[in-house]
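Heads up: the structure comes next, in structure tokens.
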Amino acid sequence: MTRLAATAAAVTLPLLALTACGSAGAGSSSDDDQKLTVWAWDPAFNIYAMEEAEKVYQADHPEFELEIIETPWDDLQAKLTTIAQSQQFEQLPDIFLMQNNAFQKNVINYPDLFSDYSGSEIDFSQFPDGVTAYSQIDGDQYGVPFDSGTAINALRTDVLAEAGYTVDDFTGITWDEYLTKAEDVLAKTGKPLLSGVAGSSDILMMILQSAGASLFDADGQPTIAGNDELVDAIEVYTELVESGVLVEVNSWDEYISTFVNGSVAGTINGVWITGSIQTADDQAGKWAITDLPKLDGVPGATNYSANGGSSWAISSTGDAELAADFLASTFAGSTDFYDTILPKSGAVANWIPAGDSSVYAQPSEFFGGQPIFQQVVEFGAQVPSNNTGVYYYEGRDAVSAAMTKILAGTGINEALDEAQANVEFAMN
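Position 141 of the sequence shown, counting from 1, maps to 491 under the working numbering, and the rest follow consecutively.
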């Protein structure tokens, strides 16, 4: 479960009428040439970032104004579907936030809702290819990446030291090496280095993406059965669980508790997980981050992956020119903006130049003096792209169910053949 999914699980709303929740549409832009409407979720994170971006843009555009409407992800997705089906495009805002893994699905299913950025001044080469790929369809860019879902391997350095290791021993290694060392740490300290929610495929998907592999091909067809990289990832996951190095729990809250209460001495997830790690005040200075292990013997395998993240879309009926200029001047063009939002929100940029700022280079006392945000930007630039397409979540769900069966004794090929058939059925 990603940070976004955890938030959505806590705030799940029914399908609302388009006039509910303050559903102002793009019409507000025509009333005021310098006003844009925005749909986004999470006041402390995404909405806070938008408010700060507004201030940055107002320095050169004093008449500029944003109307930001809090819209939980589940509700936003439902509203987009309803607008597309009713053809009431005037209900769209100028800008709306999209979950990266859902971006292609929405543009492919509802192309009339989106404008691309072909006429903008945004230099998308300043974002990691693996991130821009989420919102790229047929060579056109439909999203400006915002928060980083770049994955980290976070470890308790005091526990590693007790077993005779440092974080460097877990840097740039393979999963075979990780398993050997993690088993040794477990034997010497009684501490597993990983935990996860049973039935969730987050770790599996991070392993898969780190090898540049996907559940779908470039044409959006499922590649679950006969997917060698997926089989390798499943074998790694199975070994982690069976060795006791990875502890499966029943809920997101239990997962967070495993490393906050110290029963587990590490986690692998998107960088946003650092916010939860740092709630354990007694562990300050006892954590460090590094890159992920990579699959052994897989051509193209890397030590980098991602989980989560989001990007800004501009609508088909809003003021696309003003919206693109605003985003180009802030989320895709201002180190001052990212320096402002980082300390309070922990929103690590996907925009690569942000990593060169002095704020990103500041050491984190909680993470033993590491400049973790600068490191994460460097990691993000090396994350392989991942084909998602329209049926990404159906694919993830099918693989999650397959993984549960495999751990219960079903053969890998049998479980993946069934998962492939289930996704193909959903597609038809």
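Each residue gets a CB set at the ideal place from its N, CA and C atoms; glycine is no exception. Just so we're clear, the structure is a prediction, and the values are computed from it rather than from any experiment.
Tell me where the alpha helix (DSSP H) around N763 begins and ends.
-> The sequence position of residue 763 within the sequence shown is 413, counting from 1. First-last of the alpha helix (DSSP H) with N763: I762 to M777.
Is G759 helix, strand or coil when you go by DSSP?
-> Taking the sequence shown and counting its residues from 1, the one referred to as residue 759 is at position 409. Here G759 sits in coil by DSSP.
Quick one: give me the first and last residue of the beta strand (DSSP E) that S661 is part of.
-> As a first step, residue 661 is located in the sequence shown; it is residue number 311 there, counting from the start. Taken as a continuous stretch (DSSP letters only), the beta strand (DSSP E) holding S661 covers S660 to S665.
Rounded to a whole number of angstroms, what is the C-alpha to C-alpha distance between E401 and L416?
-> Counted from its first residue, the sequence shown places residue 401 at position 51. Counted from its first residue, the sequence shown places residue 416 at position 66. Roughly 8 Å between the two C-alpha positions.
Quick one, which of L642, A434 and E768 has its alpha-carbon nearest Q559's?
-> By one-based count along the sequence shown, residue 559 stands at place 209. Nearest of L642, A434 and E768 to Q559, Cα basis: L642.
Length-filtered (3 minimum) beta strand (DSSP E) runs lying within the region 483-539 = 501-506
Cβ pair S470, A678 closer than 8 Å | Mapped onto the sequence shown, residue 470 falls at position 120. Mapped onto the sequence shown, residue 678 falls at position 328. The answer is yes: Cβ separation under 8 Å.
Sequence-distant residues of its chain with Cβ nearer than 7 Å to M777 (five each side left out) | Numbered from its first residue, the sequence shown carries residue 777 at position 427. Closer than 7 Å at the Cβ level, and outside the excluded window around M777, lie Y741.
Looking only at DSSP bridge pairs, what is A656 linked to?
-> What you label residue 656 is simply residue 306 of the sequence shown in a count that begins at 1. The partner list for A656 (beta bridge, DSSP) reads T500.
Just tell me which of I756, G659 and L766 has its CA closest to the CA of G499.
-> Numbered from 1 along the sequence shown, position 149 holds the residue referred to as residue 499. Among I756, G659 and L766, the Cα nearest to that of G499 belongs to G659.
Burial state of T617, where buried means 16 or more other Cβ atoms lie within 10 Å = On the sequence shown, residue 617 is found 267 positions in, with the first residue counted as 1. Buried, because 16 or more other Cβ atoms sit within 10 Å of the Cβ of T617.
Are the Cβ atoms of K541 and A615 separated by less than 8 Å?
-> Stepping through the sequence shown from its first residue, residue 541 is reached at position 191. Stepping through the sequence shown from its first residue, residue 615 is reached at position 265. Yes, the Cβ-Cβ distance between K541 and A615 is below 8 Å.
Around the Cβ of F775, are there at least 16 other Cβ atoms within 10 angstroms (buried) or fewer (exposed)?
-> Here residue 775 refers to the residue found at position 425 when the sequence shown is read from its first residue. Result: exposed.
A638, enclosing alpha helix (DSSP H) - first and last residue = For the purposes of this step, residue 638 is identified with residue 288 of the sequence shown, where counting begins at 1. Run containing A638: none in the alpha helix (DSSP H); it sits in the beta strand (DSSP E), W637 to T640.
Own chain residues within Cβ distance below 7 Å of A532, not counting five before or after | Residue mapping note: residue 532 aligns to position 182 of the sequence shown, counting from 1. Answer for A532: L543 and V595, listed in chain order.
V388 versus I445: straight-line alpha-carbon distance, rounded | Counting from 1 along the sequence shown, the entry for residue 388 is found at position 38. Counting from 1 along the sequence shown, the entry for residue 445 is found at position 95. The straight-line gap from Cα to Cα measures roughly 5 Å.
Use the C-beta contact count for N619: other C-beta atoms within 10 angstroms, 16 or more gives buried, fewer gives exposed.
-> Counted from its first residue, the sequence shown places residue 619 at position 269. Answer is buried; the Cβ neighbour count reaches 16.
Beta-carbon separation of L590 and L529 under 8 Å?
-> For the purposes of this step, residue 590 is identified with residue 240 of the sequence shown, where counting begins at 1. For the purposes of this step, residue 529 is identified with residue 179 of the sequence shown, where counting begins at 1. Yes, they are a contact pair.
For T624, which three-state DSSP category applies?
-> Locating residue 624 in the sequence shown gives position 274, where the first residue counts as 1. Here T624 sits in helix by DSSP.
Where Q408 falls: helix, strand or coil (DSSP) | For the purposes of this step, residue 408 is taken as the residue at position 58 of the sequence shown. Three-state DSSP puts Q408 in a helix.
Determine, using beta-carbon pairs with one atom in the region 686-703 and one in the region 486-501, whether at least three such pairs fall under 8 Å.
-> yes
Does DSSP put I472 in a helix, a strand or coil?
-> One-based indexing of the sequence shown puts residue 472 at position 122. DSSP, read as helix, strand or coil, puts I472 in coil.
Please go through the same chain and pick out, in chain order, the residues whose beta-carbon is closer than 7 Å to the beta-carbon of E413, but skip the five residues on each side of it.
-> Residue numbering aside, residue 413 sits at position 63 when the sequence shown is read from its first letter. Answer for E413: Q384, listed in chain order.
Between the beta-carbon of I433 and the beta-carbon of L442, is there less than 8 Å?
-> Here residue 433 refers to the residue found at position 83 when the sequence shown is read from its first residue. Here residue 442 refers to the residue found at position 92 when the sequence shown is read from its first residue. Result yes, Cβ atoms of I433 and L442 sit closer than 8 Å.
Per DSSP, M556 forms a beta bridge with which residues?
-> Position 206 of the sequence shown, counted from the start, is the residue given in the question as residue 556. Looking at the DSSP assignment, M556 forms no beta bridge with any residue, so it has no partner.
Backbone secondary structure at P572 - three-state DSSP = By one-based count along the sequence shown, residue 572 stands at place 222. Here P572 sits in strand by DSSP.
What number of angstroms, rounded off, separates the C-alpha of S708 from the C-alpha of W602?
-> Translated into the one-based positions of the sequence shown, residue 708 becomes position 358. Translated into the one-based positions of the sequence shown, residue 602 becomes position 252. Straight-line measurement puts the Cα of W602 at about 34 Å from the Cα of S708.
Please list, in chain order, all residues of the same chain as A303 whose beta carbon is under 7 Å from its beta carbon, the five residues on each side excluded.
-> What is shown of the chain runs 351 to 778, which leaves residue 303 out entirely.
C-beta atoms of I627 and A513 nearer than 8 Å = Position 277 of the sequence shown, counted from the start, is the residue given in the question as residue 627. Position 163 of the sequence shown, counted from the start, is the residue given in the question as residue 513. Against a cut-off of 8 Å, the Cβ pair of A513 and I627 comes out as no contact.
Alpha carbon to alpha carbon, how far is S607 from N456?
-> Walking along the sequence shown from the start, residue 607 turns up at place 257. Walking along the sequence shown from the start, residue 456 turns up at place 106. Whole-angstrom Cα-Cα distance: 34 Å.
When we look at the beta-carbon of S475 and count the other beta-carbons within 10 Å, is it buried (16 or more) or exposed?
-> Along the sequence shown, read from residue 1 onward, the residue named residue 475 stands at position 125. That one is exposed.
Can you tell which of T431, G489, N450 and D488 has its C-alpha closest to the C-alpha of D462?
-> On the sequence shown, position 112 is the one that residue 462 refers to. For the residues T431, G489, N450 and D488, the minimum Cα distance to D462 belongs to T431.
Go ahead and label T640 buried or exposed: buried means 16 or more other beta carbons lie within 10 angstroms of its beta carbon, across all protein chains shown.
-> Against the sequence shown, residue 640 aligns to sequence position 290. The residue is buried, with at least 16 neighbouring Cβ atoms inside 10 Å.
Which residue from L565, I584 and W423 puts its Cα closest to that of L645?
-> If you number the sequence shown from 1, residue 645 lands on position 295. With distances taken between Cα atoms, L645 lies closest to I584.
Can you tell me which of the three DSSP states F464 falls into?
-> Residue 464 sits at position 114 when you count from the first residue of the sequence shown. Three-state result, F464: strand.
N- and C-terminal bounds of the beta strand (DSSP E) containing Q449 = Here the question's residue 449 lines up with position 99 in the sequence shown. In the DSSP assignment, Q449 falls within the beta strand (DSSP E) that extends over I445 to Q449.
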